[in-house]
Amino acid sequence: MKQRISRRDFLKTTAFASLAIGNLALNDNLIWSINNRSRNNETITENAVQYNETRFSACTICVQFCPIKVRIPSDKSMPIIVEHNPAPGAEKYFAACGRPRVLFEMPNHPDRIRTPLIREGGRGDGKFRSTTWDEALDYVAENLKKYIDKPEQIAVFAHEGYEAGLIKEFFKGVIGTPNITDHADTCMAGNAQGKRFLFGTPIGPGGLYSDCLNACLIVLMGRDPISGMVSTPWAKSLSAGKGARIIAFDIKRPRIADLADEYILVAPGTDLAVVLAFMNVIINENLYNSNFLITYTNAPMLIYTDTMEPVKLSDHPIYSGKKTYLVYDRKDGKYKFKTDALDPQLEYSGEYEGRPVKTVFTLLKESVEKYTPKWAEEISGVPEEKIKEVARLLAAYAPQAFIPHGYKGARYRNEGMFYRVAGIVNALIGSYGAKGGIVWPRKASIPSPLTIMNVKTVKPSAKSIVEYWQKEGYPLALDGTASMLFIKSILEEKPYPIKAGIIYNQNLVSHIQGSSKAEEALKKLEFSVMFDVMWNETAPFVDVILPLPFFFEYTPPTLVQAAQTNIAQISLPMKVLDPPSGVDVRTPGQILYELARRLKPEVADSLKIIAENPEIIQRNQAEKLKIDFDELKTRGVVALYTEPLYKVPIPFATVTGEIELINIDMLSKFKDQLNKPSVVNPLPCWVPPYYMEDGKLGDDEFVAVDTFSPFITPNAFIRDSNLISQTMKWERMDGVYINYNRGVKLGLKDGDYVIIESLETGAKIRAKVYLSNEVHPHAITGIHGLNPGSYERGDVKFTYMTKTGINTNLLAPFKIVEYEGRAAQCDLKVRVRREVA
Ligand code: SF4
């Protein structure tokens with residue numbers, strides 16, 4: 022009998038990993054036509070070129086750090102070919118995406134920064150003069166010397182790249198500034214903060230792993246992984262897996278809809294309503310996993326309901342520093358510490374020593390009683406019956422079912438609560454630690470270059486500004502990742518003035534919610550220096566630009582680990598090509614060594630190695646990880662394990678060491694937030710997104726939601742790739758989408774230009790519009806970062822970048838989410854009108 026194969030199964034069973042999801046659109050014909058090579062009027066194809074050498078490296082275009090191999094043509098004017106370099110044993114978990122296929126364009130890109138530059142004219146004009154490295158380094162050192170005795174006045178913004186860690190370590194440990202940050206507050210902070218409530222410590226995207234390979238049901242919320250930046254581990258595991266059923270909730274048709282069994286449109290910022298209703302169904306219909314809850318969570322913990330405090334805590338007999346707690350033992354009807362009880366009761370209300378008590382589980386049940394599927398339908402637009410069905414399916418497929426751990430959590434005000442409640446749903450069905458559930462990845466600890474070089478470091482004498490803001494309204498702000506709080510400090514001069522800014526591979530103006538405030542802060546600094554490879558929106562405001570090589574043009578002093586790894590995959594980044602002639606760049610290691618010579622000569626000698634022989638450090642790191650360095654050199658990558666860890670690794674950093682469904686520490690800190698629609702209410706609750714607070718959307722009003730794509734990485738140099746820009750056009754991703762009927766009512770048709778105006782700031786952006794029935798009527802959406810607005814100034818140009826998309830940061834107000842100290846970049850209303858020619 023012939024078997025029928027569905028389109029979805031076909032896609033899954035073909036190696037769609039980085040292909041069917043769209044990256045193949047970055048195709049060879051385009052590469053060759055962009056390279057514009059012809060011989061005797063014939064287009065040259067890959068087959069006509071001899072590739073006689075292969076070199077290894079690790080891609081740093083996004084945070085995944087995939088191992089890659091690069092095929093080098095004998096004719097050096099021909100394009101290099103970049104492919105995934107799978108680690109033996111890890112093939113089923115990973116694939117590199119198509120983005121590094123653009124690397125051939127980059128060495129000679131017209132927007133590459135080719136020499137050190139010093140600003141001429143006013144900040145913001147974007148006018149620079151070219152200079153020598155000696156003059157540039159002397160100038161930077163001379164300016165930084167002013168703050169060497171007050172290093173807290175220096176702020177370091179270091180984002181990605183091989184050496185973000187080294188830059189941070191250098192400025193903190195050698196120069197002594199406590200003020201180091203990257204971009205988590207505008208990216209994953211809401212997710213990390215939500216998971217802090219369950220596990221006692223923030224957990225970023227790489228801290229938990231969705232075991233798609235063995236899953237039976239994946240309910241995607243808050244993320245379309247295949248449209249995401251780090252799409253390939255997901256895609257590869259799905260393609261190699263058993264064909265999990267996929268149900269996707271999104272504000273638009275997600276790219277994963279090709280593979281999903283169904284997708285469901287949901288109003289922007291209302292995923293939280295849906296997961297609260299899942300909790301309601303799973304608890305009320307007794308669909309939870311009692312055994313998991315009793316073994317690994319504090320669900321049976323007794324709480325005094327008059328004071329909302331644990332009834333009794335005692336030192337844990339096994340886990341030092343942890344506490345066990347009083348429960349009701351159903352076996353004999355007595356109150357006991359959990360470690361002594363035979364059958365702790367989950368649902369219980371009673372009295373203990375004359376005071377009312379309830380279990381954590383009972384309090385959870387009561388807290389979600391009002392969040393019925395009907396209630397959630399009114400808020401989210403998702404039909405009541407669909408919510409019930411998905412909740413039941415989650416329980417039926419458990420533990421091989423989950424709402425993924427997720428990624429970006431800085432779109433809406435309620436994102437921390439959403440990720441917390443999604444985590445509680447996963448715990449209720451017992452998917453944590455299970456094969457096919459959410460598991461803990463294996464990570465290797467790579468010793469830092471400064472440790473290996475034995476560089477004498479100092480401890481910053483001043484407290485960081487984040488510590489200040491944690492006491493002043495943002496207690497959950499993540500250490501070292503609060504870039505918006507840094508901007509606030511610069512503008513308000515609290516707790517002390519910040520005078521100098523070091524910006525490494527970070528595009529502050531484009532990346533900060535409320536770009537005009539970032540611009541203002543940069544103008545206020547006495548001195549700023551930017552290390553980068555290409556122009557970006559931040560460049561017009563800095564005093565000095567130090568040009569870096571592209572990651573494939575030098576060997577860094579460090580091994581790298583794939584960020585989303587579940588099996589500790591270690592790559593050896595190596596130089597693949599020399600920078601072309603006329604490009605005068607230096608590696609971060611060389612720059613730091615030169616700065617040390619000028620600012621801290623006493624440590625310069627010990628830093629010399631990162632400038633002159635970084636491979637020695639890589640070799641030393643490999644030895645510490647017990648990896649044969651010579652073998653690593655011949656292969657480029659090694660996976661230290663072949664399987665993720667399938668167990669719940671207690672104790673966690675919570676008071677009890679367990680997964681806390683009501684976090685005891687947060688319960689005592691935020692008791693005053695109980696019964697309020699607050700992001701830090703210790704109990705799960707509905708928190709409306711900001712945009713819902715001022716009533717309904719008007720006829721021409723939308724919520725501006727930017728999303729991601731497997732083609733670009735926001736703010737990174739590949740935004741300005743010719744190949745990417747052409748691909749975005751082909752794929753109709755060079756504009757914004759709105760719901761067809763709403764567009765027609767506004768008199769719009771496909772390809773029209775619109776002006777999108779922020780209702781809060783009045784900022785405007787011009788975009789191309791497409792109409793689609795597969796977008797929620799409340800949303801206007803496009804790929805993040807494809808519009809520099811008015812930041813193309815002076816010498817600062819983006820030759821190929823799409824300029825007709827959206828960057829919500831340019832429209833949004835500089836608003837920091839209460840308590841959490843992060844962004845809510847898509848939680849804003851905009852007005853849309855047709856551009857009048
Ligand atoms: S997923 Fe990220 S690191 Fe991996 S190949 Fe693509 S852009 Fe590079």
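Residue 22 is where the sequence shown starts when you use the working numbering, and the numbers rise one by one after that. Beta carbons: idealized from backbone N, C-alpha and C, even for Gly. On a predicted model such as this, the values are computed, not experimentally measured, just so you know.
Checking the 7 Å criterion, the Cβ of C80 is within range of a heavy atom belonging to ligand 1. Annotation: G803 is outside any alpha helix (DSSP H); the continuous beta strand (DSSP E) that includes it extends over A800 to I804. For S311, there is no enclosing beta strand (DSSP E); the enclosing alpha helix (DSSP H) has its first and last residue at S311 to Y317. Taken from the Cβ of P121, at least one heavy atom of ligand 1 lies inside 7 Å. In this structure, the alpha-carbon of K824 lies about 29 Å from that of T202. Distances from the CB of A108 to the heavy atoms of ligand 1 are all 7 Å or more. In the three-state reduction of the DSSP assignment, L780 falls in the coil class, being assigned neither a helical nor a strand state.
Relative to ligand 1, the nearest heavy atom lies less than 7 Å away from the CB of F86. In this structure, DSSP gives T728 an extended state, which the three-state scheme calls strand. The Cβ-Cβ distance between D727 and T802 falls below 8 Å.
Contact check for F125 against S504 fails: the beta carbons are separated by 8 Å or more. Around the C-beta of W490, 16 or more other C-beta atoms lie within 10 Å, and the residue is accordingly described as buried. If you draw a straight line from the Cα of C233 to the Cα of V240, it is about 11 Å long.
For W556, the three-state secondary structure derived from DSSP is coil.
With a cutoff of 8 Å on beta-carbon distance, K90 and N73 are scored as not near each other. Look at S482 here: in three-state DSSP terms it is coil, with no helix or strand label. With 16 or more other Cβ atoms inside 10 Å of its own Cβ, E574 counts as buried. Counting along the chain, no alpha helix (DSSP H) covers E126, and no H or E run does either.
Following the DSSP letters along the chain, one finds G522 in no alpha helix (DSSP H) but inside the beta strand (DSSP E) bounded by residues A521 to Y525. For the set A833, D816 and A844, the Cα lying nearest the Cα of E141 is the one of D816. For T734, the shortest C-beta to heavy atom distance toward ligand 1 is below 7 Å. Beyond the five residues adjoining it in sequence on each side, A412 comes within less than 6 Å, by CB distance, of F299, V302 and I303 in the same chain, given in chain order. If you ignore the 5 residues before and after M99, its C-beta comes within less than 6 Å of the C-beta of V70, all in its own chain and listed in chain order.
As computed with DSSP, V581 is found in a beta bridge with S592.
One alpha carbon belongs to E813, the other to Y418, and they sit about 51 Å apart.
Partner residues in the beta bridge of T75, as assigned by DSSP, are R92. For T360, there is no enclosing alpha helix (DSSP H), as DSSP gives it neither H nor E. For T380, the enclosing beta strand (DSSP E) stretches over residues R376 to T380.
Beyond the five residues adjoining it in sequence on each side, Q846 comes within less than 7 Å, by CB distance, of T207, A431, R432, Q534, T829, N830 and A833 in the same chain, given in chain order. Residue environment analysis places A858 among the exposed positions, since fewer than 16 neighbouring C-beta atoms fall within 10 angstroms of its C-beta. Between R434 and V838, the C-beta gap is smaller than 8 Å, which places the two residues in contact. Exposed is the label assigned to T663, since fewer than 16 other Cβ atoms lie within 10 Å of its Cβ. For K766, the uninterrupted alpha helix (DSSP H) run begins and ends at Y761 to K766, by DSSP. Measuring C-alpha to C-alpha distances from T75 to each of I101, P705, P709 and I139 identifies I101 as the nearest. DSSP places Y346 within a strand segment (E or B) once states are collapsed to three. Shown here, W707 sits in coil according to DSSP, grouped into three states, outside any helix or strand.
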